[in-house]
Amino acid sequence: MFLLLPEDRGVFGLTSEQLQYVPKIILLERYGDYVEGLWNRLPEHLRCDPEVRRYRRCLAHYNQPGQRFYIDEPAPLIMDCSTCRAIEARGSHGATCDEDTQT
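So this is what it looks like as structure tokens:
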């Protein structure tokens, strides 16, 4: 199956069935900013992939009482969160900080 999208936001119009044909490399390189909005429609094998999970927002280490930047900015991506990066560096290779593993 071949899908042609005239603009990047067109990915939101794809169904779960159509999204399974989008290769991971294309999803992350071209539509990485939209992973959070597509999360519930992504195939299970992509939702389990640590590399894809890093494109979600880090809500566990964000908007904490001692932080001041939460008012003006959205939560950082897991790959941009300093706490998540530290957890990944300490943990095993391929470990990803996400909703299930964030501390």
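In my numbering, the protein residues as written are 383 to 485.
From the three backbone atoms N, C-alpha and C, an ideal C-beta is built for every residue, glycine too.
| said: Can you look up R438 in the DSSP assignment and give me helix, strand or coil? | reply: coil
| request: Indicate the three-state DSSP secondary structure (helix, strand or coil) for L409 in the structure shown. | output: helix
| field | When E455, R438, Y437 are compared against N445, the one with the closest alpha-carbon | value | E455
| Inter-residue Cα distance where the pair is Q402 and P425 | 6 Å
| query | Going by beta carbon distance, what residues of the same chain come within less than 8 Å of E418, once the five residues before and after it are set aside? | reply | Y437, R438, R439
| Can R423 and S398 be called in contact, C-beta distance under 7 Å? | yes
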